[in-house]
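Residue numbers (the UniProt record's numbering): 1 to 202. Even for Gly, the Cβ is constructed at its ideal location relative to N, Cα and C. Here the structure is a predicted model, which is why all the values come from computation and not from measurement. Here is the structure we will look at.
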């Protein structure tokens, strides 16, 4: 029993230490951008030595992968909490608005999740799998609007990420592009959706 308790304590201590390193990493990239993430600067911010960082993460990419997993989980939870209504068109626009809010509220997190902003980094299959569950939510929402072709899902994700990218790059803090969400949603559905599934139409 004592050995088990000792093992649990060590595991909890390790988990807490890893969480503290990740918190420091997020603080660093939010202040200075993803490119500023270095193990030396991270150790300094976390109040530990660089070798100690390696005791919890084998490499910088391992830290980025853990950050990616955290970001993906936050994204899935944020999108999943959006309530559904009996109007699939409105729900689709609301989902894009929610996606936009998530992205513009934390640009380094958006860049890590949706752009290849760090040369040489690719998320692990486990971490990427979390992000894919969010794509399933988008697929279900499109299906409610009569959109089933996988190519159209690709078009939709290109449109929505494009809007967000333009907003972040060219009008940070504004709504020049995010203000187009409702128009873009209806344009897309007019081209690819099944009008018979839209609210108020027969």
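For residue i, which of helix, strand or coil comes out of DSSP?
| i | result |
| --- | --- |
| residue 146 | coil |
| residue 80 | helix |
| residue 188 | helix |
| residue 152 | helix |
| residue 33 | coil |
| residue 18 | helix |
| residue 118 | coil |
| residue 65 | helix |
| residue 175 | coil |
| residue 49 | coil |
| residue 140 | helix |
| residue 74 | helix |
| residue 165 | helix |
| residue 57 | coil |
| residue 23 | helix |
| residue 86 | coil |
Determine the direct distance from the alpha carbon of residue j to that of residue i, and round the result to whole angstroms.
| i | j | result |
| --- | --- | --- |
| residue 79 | residue 12 | 30 Å |
| residue 157 | residue 9 | 44 Å |
| residue 129 | residue 135 | 10 Å |
| residue 21 | residue 190 | 48 Å |
| residue 18 | residue 152 | 40 Å |
| residue 133 | residue 76 | 7 Å |
| residue 104 | residue 167 | 8 Å |
| residue 118 | residue 127 | 16 Å |
| residue 36 | residue 70 | 19 Å |
| residue 116 | residue 170 | 19 Å |
| residue 172 | residue 57 | 34 Å |
| residue 176 | residue 165 | 12 Å |
| residue 174 | residue 88 | 27 Å |
| residue 106 | residue 143 | 29 Å |
Under 7 Å, do residue i and residue j count as touching if we go by C-beta distance?
| i | j | result |
| --- | --- | --- |
| residue 95 | residue 141 | yes |
| residue 108 | residue 39 | no |
| residue 24 | residue 45 | yes |
| residue 187 | residue 145 | no |
| residue 68 | residue 150 | no |
| residue 72 | residue 15 | no |
On the premise that residue j lies in contact with residue i, defined as a C-beta separation below 8 Å, what is that separation, rounded to the nearest angstrom?
| i | j | result |
| --- | --- | --- |
| residue 179 | residue 147 | Incorrect: roughly 23 Å between the Cβ atoms, too far for contact. |
| residue 184 | residue 155 | Actually they do not touch by this definition, with Cβ atoms about 11 Å apart. |
Practice task
Would you check if the segment 48-63 and the segment 97-116 touch, i.e. whether three or more CB-CB distances between them fall below 8 Å?
Solution key: Contact fails: fewer than three Cβ-Cβ distances are below 8 Å.
Practice task
Mind the definition here: the segment 78-95 touches the segment 50-59 only if three or more C-beta pairs lie below 8 Å; say whether that holds.
Solution key: They do not touch, by the three-pair rule.
Exercise for the section: Spell out a yes or no on whether the segment 110-126 and the segment 21-36 are touching, meaning 3 or more CB-CB pairs, one atom from each, closer than 8 Å. Expected result: Touching, yes.
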